[in-house]
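A.B. asks: Counted from 1, the sequence shown has number 427 at position 407 by this note's numbering; the numbering is strictly sequential.
For every residue, glycine included, the Cβ atom is placed at its ideal position computed from N, Cα and C.
I'd like to ask some things about the structure below.
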Amino acid sequence: MKILSLTCFLLFVCLTAITDARISSSTKQLDRHITAKIKEAKIQPSGKSNDTEFLRRIHLDLTGKIPTLEEIEAFEKAGRGKRQKKINQLLNSDLYYDHWGRIWVKWLINRNGGNQQVRTGLEKWVRDSLRVNKPYNQFVTELLTATGDTRDNPAGNYIQRYNLSPTNLTSHSSRLFLGLPMQCAECHDHKTEPWYQEDYYSMASFFTNVRSKAVYEKNDRGQDQLVSWVLRDENKGSIRMPDSNQEIFPRFLDGNIYRGVAQKKREALSKWVTDRKNPYFSPAIVNRIWSQFMGRGFVEPLDAFGEEHPSTHPELLDWLAEDFARYGYNLQHLMKTILNSDAYQRTSAKNSKNEDDKYYYSHAYIKPLSAEQFFYSMLEATGFERLQKRRDKNQLESMKRNYLRRFIYLLDNGEMEEIEAFNGTVPQALMMINGPLVNDSGDHRQRGSLINYILKNYRTTKDRMERIYLTVLSRKPTSKEMTHFERYMKRSLYNDKKLAYEDLYWVLLNSAEFALNH
Numbered sequence: 021m022k023i024l025s026l027t028c029f030l031l032f033v034c035l036t037a038i039t040d041a042r043i044s045s046s047t048k049q050l051d052r053h054i055t056a057k058i059k060e061a062k063i064q065p066s067g068k069s070n071d072t073e074f075l076r077r078i079h080l081d082l083t084g085k086i087p088t089l090e091e092i093e094a095f096e097k098a099g100r101g102k103r104q105k106k107i108n109q110l111l112n113s114d115l116y117y118d119h120w121g122r123i124w125v126k127w128l129i130n131r132n133g134g135n136q137q138v139r140t141g142l143e144k145w146v147r148d149s150l151r152v153n154k155p156y157n158q159f160v161t162e163l164l165t166a167t168g169d170t171r172d173n174p175a176g177n178y179i180q181r182y183n184l185s186p187t188n189l190t191s192h193s194s195r196l197f198l199g200l201p202m203q204c205a206e207c208h209d210h211k212t213e214p215w216y217q218e219d220y221y222s223m224a225s226f227f228t229n230v231r232s233k234a235v236y237e238k239n240d241r242g243q244d245q246l247v248s249w250v251l252r253d254e255n256k257g258s259i260r261m262p263d264s265n266q267e268i269f270p271r272f273l274d275g276n277i278y279r280g281v282a283q284k285k286r287e288a289l290s291k292w293v294t295d296r297k298n299p300y301f302s303p304a305i306v307n308r309i310w311s312q313f314m315g316r317g318f319v320e321p322l323d324a325f326g327e328e329h330p331s332t333h334p335e336l337l338d339w340l341a342e343d344f345a346r347y348g349y350n351l352q353h354l355m356k357t358i359l360n361s362d363a364y365q366r367t368s369a370k371n372s373k374n375e376d377d378k379y380y381y382s383h384a385y386i387k388p389l390s391a392e393q394f395f396y397s398m399l400e401a402t403g404f405e406r407l408q409k410r411r412d413k414n415q416l417e418s419m420k421r422n423y424l425r426r427f428i429y430l431l432d433n434g435e436m437e438e439i440e441a442f443n444g445t446v447p448q449a450l451m452m453i454n455g456p457l458v459n460d461s462g463d464h465r466q467r468g469s470l471i472n473y474i475l476k477n478y479r480t481t482k483d484r485m486e487r488i489y490l491t492v493l494s495r496k497p498t499s500k501e502m503t504h505f506e507r508y509m510k511r512s513l514y515n516d517k518k519l520a521y522e523d524l525y526w527v528l529l530n531s532a533e534f535a536l537n538h
């Protein structure tokens with residue numbers, strides 16, 4: 021048994037070493053491309069980010085929230101290779117599955133798309149897929165071809181969310197999985213790209229045979245309650261051009277006509293979409309993941325591949341797409357390749373030679389936090405769970421969901437489907453100033469609050485300031501900030517000088533630095 025355990029351990033170590041070597045090779049190639057472009061543009065790149073800058077950035081990008089104090093202190097003490105180890109650790113954490121599960125569900129069905137059954141089912145399927153690092157081509161195939169009860173096959177919730185509409189599915193799947201702005205061709209030929217209205221309806225024809233049946237069960241009150249849908253493909257199903265009423269038959273965007281049986285149309289489409297020879301499939305997801313980490317895509321907008329919006333780094337995009345396919349459409353391989361690069365790990369501080377750079381990645385681009393990133397970071401910074409420690413886990417998660425719904429509602433500017441970044445609207449600002457979530461955590465008299473805890477456990481101004489800064493901004497204060505605060509304490513009219521710490525905490529939590537990923 022000991023020999024078997026040792027053999028398994030050695031095998032794991034060897035496989036990890038091989039994987040890390042592949043990542044290193046891919047990352048070096050990525051940096052060679054970026055460096056060549058920077059030199060060509062005669063730009064001086066910024067230096068490497070410091071450890072606290074990197075740690076905050078990687079936590080926000082992979083887990084959707086700022087690091088804890090314990091994580092900051094552990095990373096500070098960690099030894100050689102700690103950045104690569106941190107990336108590997110976070111990519112195998114529940115926080116990563118949850119955060120990137122939310123990202124994918126937003127990409128797939130939008131923030132408010134679908135009812136509760138659709139969202140819950142799809143969220144679980146995405147998290148489970150991320151947990152096993154499901155190959156991306158398989159991930160997309162399962163979404164496009166799902167059949168059966170959505171309780172047994174939750175991937176079917178993607179098709180169901182768009183009400184089985186061939187046109188809705190064509191518009192969305194072409195944008196997300198191929199990066200193509202096909203939705204413009206629903207009503208007319210595309211004005212700037214070589215996509216015609218007939219192309220659009222030829223692709224929509226692949227979705228015309230799918231049907232679903234609602235499944236109801238009695239709830240506790242004896243009422244019928246919708247619990248799922250059963251999806252199936254039928255022999256019948258067609259689509260016609262809006263103006264000519266001409267029936268359109270399935271044809272791939274490369275011009276090849278589908279001549280198989282009607283019930284296999286979605287399967288055939290998914291094979292074409294995910295085929296390694298498809299020039300759009302791998303580049304589209306590489307561009308999207310790159311944008312998520314780096315602040316902008318090679319192609320912008322992300323769903324506008326074509327002559328009107330050429331790639332800023334065509335050779336690198338092609339190389340990354342090929343590397344992604346070569347390693348089995350491995351999303352974690354792609355992410356590690358980007359996250360371990362010099363390009364990703366540069367500081368966001370600019371120099372006189374690159375302050376105008378918007379395309380060459382000579383410095384890290386500052387990104388506004390998404391609404392979810394801001395919310396979960398705020399929970400971390402306020403010590404929300406410590407304040408609610410008497411509640412059980414289910415109550416706590418329910419409270420978080422309710423707070424998040426209210427937070428998103430306050431951010432609503434009439435265009436909820438388009439909200440991606442936290443923009444600091446007036447209702448949100450009022451909640452930050454007057455809301456119990458902030459006021460309770462910043463009240464030094466409130467037992468269990470963050471400020472109460474810090475003032476009880478740390479005695480010097482320096483130590484107290486460091487704890488507050490590390491908790492909120494994930495860094496220690498500068499000497500200049502220390503001097504300013506000490507001067508503020510002395511000059512304040514407070515009889516109770518502890519109130520100055522509440523002010524400091526409130527200012528940091530409402531600062532632009534907290535609301536940005538830099």
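Between Gln-137 and Val-247, is the Cβ-Cβ spacing less than 8 Å?
C.D. replies: Contact flag set, yes.
A.B. asks: Buried or exposed for Pro-270, going by 16 or more other Cβ atoms inside 10 Å?
C.D. replies: The residue in question, Pro-270, is buried, as its Cβ has 16 or more Cβ neighbours within 10 Å.
A.B. asks: Going by DSSP, what residues sit across from Arg-260 in a beta bridge?
C.D. replies: Note: Arg-260 sits in a beta bridge opposite Glu-267.
A.B. asks: State yes or no: is the C-beta of Asn-350 within less than 8 Å of the C-beta of Pro-155?
C.D. replies: Contact flag set, yes.
A.B. asks: State the Cα-Cα distance for the pair Leu-164 and Phe-226, rounded to the nearest angstrom.
C.D. replies: Whole-angstrom Cα-Cα distance: 10 Å.
A.B. asks: How close, in whole Å, do the beta carbons of Asp-323 and Leu-273 come, if the pair is a contact with beta carbons under 8 Å?
C.D. replies: About 15 Å separates the two Cβ atoms, so there is no contact after all.
A.B. asks: Mind checking Gln-217: buried by the 16 CB within 10 Å criterion, or exposed?
C.D. replies: Classification of Gln-217: buried, given that the 10 Å Cβ count is 16 or more.
A.B. asks: List, from N- to C-terminal side, the alpha helix (DSSP H) runs of 4 residues or more that fit wholly inside the stretch 491-522.
C.D. replies: The stretch 491-522 contains these whole alpha helix (DSSP H) runs: 499-511.
A.B. asks: Which two residues bound the contiguous alpha helix (DSSP H) that contains Arg-139?
C.D. replies: Segment 136-151, the alpha helix (DSSP H) holding Arg-139.
A.B. asks: Which residues in the same chain as Glu-287 place their Cβ atom closer than 7 Å to its Cβ, once the five residues preceding and following it in sequence are excluded?
C.D. replies: Same-chain partners within the cutoff: Thr-165.
A.B. asks: Which of helix, strand or coil does DSSP assign to His-464?
C.D. replies: His-464 falls in the coil class under three-state DSSP.
A.B. asks: Can you give the Cα-Cα distance for His-538 and Met-261, rounded to whole angstroms?
C.D. replies: Computed Cα separation, rounded: 48 Å.
A.B. asks: Between the stretch 126-136 and the stretch 89-107, can you find at least three pairs of beta-carbon atoms closer than 8 Å?
C.D. replies: The stretch 89-107, when compared against the stretch 126-136, does not touch it at the 8 Å Cβ threshold.
A.B. asks: Considering just the uninterrupted stretch of the alpha helix (DSSP H) at Tyr-221, what are its terminal residues?
C.D. replies: Start and end: 217-224.
A.B. asks: Could you check where the beta strand (DSSP E) with Arg-252 kicks off and where it finishes?
C.D. replies: 244-253 is the extent of the beta strand (DSSP E) around Arg-252.
A.B. asks: How far does the alpha helix (DSSP H) with Val-7 in it reach, from first residue to last?
C.D. replies: It is not possible to answer for residue 7, since the shown part of the chain is limited to 21 through 538.
A.B. asks: For the alpha helix (DSSP H) containing Glu-392, name the first residue and the last one.
C.D. replies: Where Glu-392 is concerned, the enclosing alpha helix (DSSP H) stretches over 391-402.
A.B. asks: What does a CB cutoff of less than 8 Å around Tyr-116 pick up in its chain, not counting 5 residues either side in sequence?
C.D. replies: These residues qualify, in order along the chain: Leu-82, Thr-83, Leu-110, Leu-150.
A.B. asks: Among Arg-42, Ser-44, Gly-67, Lys-62, which residue has its Cα nearest to the Cα of Gln-365?
C.D. replies: Checking every option, the nearest Cα to that of Gln-365 belongs to Gly-67.
A.B. asks: Can you tell me whether Ser-45 is buried or exposed? The criterion is at least 16 other CB atoms within 10 Å of its CB, across all chains shown.
C.D. replies: With fewer than 16 Cβ atoms within 10 Å of its Cβ, Ser-45 is classed as exposed.
A.B. asks: How about Arg-316 and Tyr-380: are their beta carbons less than 8 Å apart?
C.D. replies: No, these two residues do not count as a Cβ contact at 8 Å.
A.B. asks: So Ser-232 is in the beta strand (DSSP E); what residue range does that whole segment cover?
C.D. replies: Residues 230-238.
A.B. asks: Asp-169 bridges to which residues according to DSSP?
C.D. replies: For Asp-169, which the question treats as bridged, DSSP gives the partners Val-250.
A.B. asks: Using the beta-carbon count (16 or more within 10 Å), is Arg-479 buried or exposed?
C.D. replies: Exposed, by the Cβ-count rule.
A.B. asks: How long is the line joining the alpha carbons of Gln-393 and Phe-74, rounded to whole angstroms?
C.D. replies: Roughly 16 Å separates the two Cα atoms.
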